[in-house]
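So this is what it looks like as structure tokens:
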């Protein structure tokens, strides 16, 4: 049956009337939420410069933003369940100098309702410029129960001081040609642009074979065996990540379960009194190209107890721009100079106070902890000054 137009009009009008009578869904009014920042308790003179807050309501995806330069501030938020991301910048005092750093905080699944309007969050330093650093050098060795020197259990520990996964493939460790306890006028002087080195070892890999997590370390052993089997005061290095090996030395033990370092230039010889400098570097050349293009021929006048002689020698050089980290070592009684540009390291650290000091045995130099990250791992101190960045004569982290 055909429905008259008037009936259709009345039906539509009735529907509109009914819809008009339906109440709007209740909309929560915004709540005033009090935010309070907690500063890192291991940093002095901490001053907030700016923080930017993004509060995301989990169910709706709605984001609310605000900014402040105060530790205590308010923010208007509808009631709901929130993930809250805070980023910003702050300054703090480090060894008498005011430093600036990114900061971060994160509050997960915080319910915002009447009666729960206070949000306390902890600020952490955020390392956007971090990378690999030398975390620890155990170079002095141990002594035996008979007080004899035992050297096989020495190691180098490298740390990922960033917030990203880094790959250790191709990371090189070099020892310097020049010593911190002998100073001559080497010509030409290359220190402003390069470091003279006589040994380079390198982690193998094609680029992404050896990931290191943020706050993670790798251990490079001189000899990766359980040294406690031969000296109960020594260190078990059988679980090291890498080991140094001299293929021409029949007495150099090779642990088949531990990956060998590549002797890129020569096997690294560790001075047991610490009269050398170690550098970390990324070398973008193969061995042949490096040897051809980075030789360093130099001259100097050797002097000893009234005797002198003109000397000409050859070594190799790594450009400062390739160097990731550097640590100068010495002892107070013998120290003459730092053998890197100050931009790489303007200080030095030590085990032992004088030449032959036996108190150095069983001690290492360890990089100090500056603060903690938001995820709980350590941010190591790295001001390019080993005198203040390292704990000298420390207890080795691998001792047991």
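Residue numbers (the numbering used here): 438 to 837.
Beta carbons are placed, not taken as given, at the ideal position from N, Cα and C, and that holds for glycine.
Roughly how many angstroms lie between the CA atoms of residue 491 and residue 482, to the nearest whole one?
Counting from one through the chain shown, the residue named residue 491 turns up at place 54. Counting from one through the chain shown, the residue named residue 482 turns up at place 45. Roughly 26 Å between the two C-alpha positions.
Neighbour-count burial assignment, residue 459, 16 or more Cβ in a 10 Å radius:
Indexing the chain shown from 1 puts residue 459 at position 22. Residue placement at residue 459 is poorly supported in this model, since its pLDDT is 39, which falls under 50; the coordinates are not used for a value here.
According to the neighbour-count rule (16 or more other Cβ atoms, all chains shown, within 10 Å of its Cβ), is residue 573 buried or exposed?
In the chain shown, counting from the first residue as 1, residue 573 sits at position 136. Residue 573 should be labelled buried.
Could you work out which residue in 751, 613 and 530 is closest to residue 757 when comparing CA atoms only?
Here residue 757 is taken as the residue at index 320 of the chain shown, counted from 1. Comparing Cα positions, the closest option is 613.
Taking DSSP as the reference, what is the three-state secondary structure of residue 505?
For the purposes of this step, residue 505 is taken as residue 68 along the chain shown, with counting starting at 1. In the three-state DSSP reduction, residue 505 falls in the strand class (E or B).
Any 3 or more C-beta pairs closer than 8 Å across the region 569 to 588 and the region 800 to 814:
Yes, the region 569 to 588 touches the region 800 to 814.
Taking only three categories from DSSP, how would you classify residue 557?
Within the chain shown, residue 557 is the residue found at index 120, counting from 1. Of the three classes helix, strand and coil, the one that applies to residue 557 here is strand, per DSSP.
Grab me the residues of residue 745's own chain with a C-beta within less than 8 Å of its C-beta, minus the 5 sequence neighbours each way, in chain order.
Taking the first residue of the chain shown as 1, we reach residue 745 at position 308. Taken in chain order, the residues that qualify are 738 and 739.
Tell me the rounded alpha-carbon separation between residue 676 and residue 759.
Taking the chain shown and counting its residues from 1, one reaches residue 676 at position 239. Taking the chain shown and counting its residues from 1, one reaches residue 759 at position 322. Residue 676 and residue 759: Cα-Cα distance of roughly 30 Å.
Quick one: give me the first and last residue of the alpha helix (DSSP H) that residue 569 is part of.
By one-based count along the chain shown, residue 569 stands at place 132. Following the DSSP letters along the chain, one finds residue 569 in no alpha helix (DSSP H) but inside the beta strand (DSSP E) bounded by residues 569 to 575.
Hey, is residue 805 close to the ligand COA, as in C-beta under 8 Å from one of its heavy atoms?
This structure simply doesn't include the ligand COA, nor any ligand for that matter.
Output needed for residue 604: all residues of its chain with C-beta closer than 8 Å, excluding positions within five of it in sequence on either side, in chain order.
Counted from its first residue, the chain shown places residue 604 at position 167. Setting aside the 5 residues that flank it on each side, residue 604 is surrounded in the same chain by 642, 644, 645, 646, 647, 648 and 649, each with a C-beta closer than 8 Å to its C-beta; the list follows chain order.
Residue 470 - containing beta strand (DSSP E), residue span:
The count along the chain shown starts at 1 and reaches residue 470 at position 33. Per DSSP, residue 470 belongs to the beta strand (DSSP E) from 468 to 475.
Look at the alpha carbon of residue 519 and the alpha carbon of residue 535, and state the distance between them as a whole number of angstroms.
Here residue 519 corresponds to residue number 82 of the chain shown, with the count starting at 1. Here residue 535 corresponds to residue number 98 of the chain shown, with the count starting at 1. Answer to the nearest angstrom: the Cα atoms are 35 Å apart.
Are there 16 or more other CB atoms within 10 angstroms of the CB of residue 717, so buried, or fewer, so exposed?
Translated into positions along the chain shown, residue 717 becomes position 280. When all chains shown are included, residue 717 counts as buried.
Would you verify that the beta carbon of residue 570 is, or is not, closer than 9 Å to some beta carbon of chain D?
Looking for chain D here will not work: only one protein chain is present.
Is residue 726 helix, strand or coil when you go by DSSP?
One-based indexing of the chain shown puts residue 726 at position 289. Residue 726 falls in the helix class under three-state DSSP.
Return the residue from the list 598, 791 and 783 that minimises the CA-CA distance to residue 772.
For the purposes of this step, residue 772 is taken as residue 335 along the chain shown, with counting starting at 1. Closest in C-alpha terms to residue 772, from the list 598, 791 and 783, comes 791.
Do you know offhand how far residue 830's Cα is from residue 628's?
Against the chain shown, residue 830 aligns to sequence position 393. Against the chain shown, residue 628 aligns to sequence position 191. When rounded, the distance between both Cα atoms is 28 Å.
Quick test of the definition: if touching needs 3 or more C-beta pairs under 8 Å, does the region 760 to 770 touch the region 702 to 719?
Contact between the region 760 to 770 and the region 702 to 719 is present, because at least three Cβ pairs lie under 8 Å.
Rounded to the nearest angstrom, what separates residue 503 and residue 485 at their Cα positions?
Sequence index remark: in the chain shown, residue 503 carries index 66 (1-based). Sequence index remark: in the chain shown, residue 485 carries index 48 (1-based). Looking at the two C-alpha atoms, the distance is approximately 15 Å.
Going by beta carbon distance, what residues of the same chain come within less than 8 Å of residue 782, once the five residues before and after it are set aside?
In the chain shown, residue 782 corresponds to position 345, counting from 1. Within the same chain, residue 782 has close Cβ partners 714, 763, 764, 765, 775, 821, 822 and 823.
Exposed or buried, residue 680, counting other C-beta atoms within 10 Å across all chains shown (16 or more means buried)?
For the purposes of this step, residue 680 is taken as the residue at position 243 of the chain shown. So residue 680 ends up on the buried side.
Beta carbon of residue 721 nearer than 9 Å to that of residue 700
Here residue 721 is taken as the residue at index 284 of the chain shown, counted from 1. Here residue 700 is taken as the residue at index 263 of the chain shown, counted from 1. Contact flag unset, no.
Do you know how far the Cα of residue 751 is from the Cα of residue 734?
As a position in the chain shown, residue 734 is number 297, starting the count at 1. As a position in the chain shown, residue 751 is number 314, starting the count at 1. Straight-line Cα distance between these residues: approximately 4 Å.
Near residue 381, which residues of its chain fall below 8 Å by C-beta distance, leaving aside the five closest residues on each side in sequence?
The displayed coordinates of the chain run from 438 to 837. Any statement about residue 381 would go beyond what the structure contains.
Where residue 659 falls, given that 16 or more other Cβ within 10 Å makes a residue buried:
For the purposes of this step, residue 659 is identified with residue 222 of the chain shown, where counting begins at 1. With 16 or more other Cβ atoms inside 10 Å of its own Cβ, residue 659 counts as buried.
Identify the continuous beta strand (DSSP E) that holds residue 762 and give its terminal residues.
On the chain shown, residue 762 is found 325 positions in, with the first residue counted as 1. Start and end: 760 to 765.
Nearest CA to the CA of residue 553: which residue from 655, 515, 608 and 476?
The residue labelled residue 553 in the question sits at position 116 within the chain shown. Ranking the options by Cα distance to residue 553, first place goes to 515.
For residue 650, list the residues DSSP reports as bridge partners.
For this step, residue 650 is matched to residue 213 along the chain shown. In DSSP, residue 650 forms no bridge with anything.
Taking the alpha helix (DSSP H) that residue 825 falls in, what are its first and last residues?
Taking the chain shown and counting its residues from 1, one reaches residue 825 at position 388. Note, residue 825: alpha helix (DSSP H), 823 to 826.
For the structure I just gave you, are there three or more beta carbon pairs, one from the region 553 to 562 and one from the region 578 to 594, closer than 8 Å?
Too few Cβ pairs lie closer than 8 Å, so no.
How would you label residue 741, buried or exposed, when you count the other beta carbons within 10 angstroms and need 16 or more for buried?
If you number the chain shown from 1, residue 741 lands on position 304. Exposed.
Looking at the secondary structure, which residues open and close the beta strand (DSSP E) in which residue 751 lies?
Residue mapping note: residue 751 aligns to position 314 of the chain shown, counting from 1. That run of the beta strand (DSSP E) goes 744 to 756.
For residue 509, I'd like the list of residues in its chain whose CB is within less than 6 Å of its CB, leaving aside the five on either flank, ordered along the chain.
Here residue 509 is taken as the residue at index 72 of the chain shown, counted from 1. Answer for residue 509: 473, listed in chain order.
Residue of 673, 748 and 562 minimising C-alpha distance to residue 621:
To locate residue 621, count along the chain shown from 1; it is residue 184. Out of 673, 748 and 562, 748 has the C-alpha closest to the C-alpha of residue 621.
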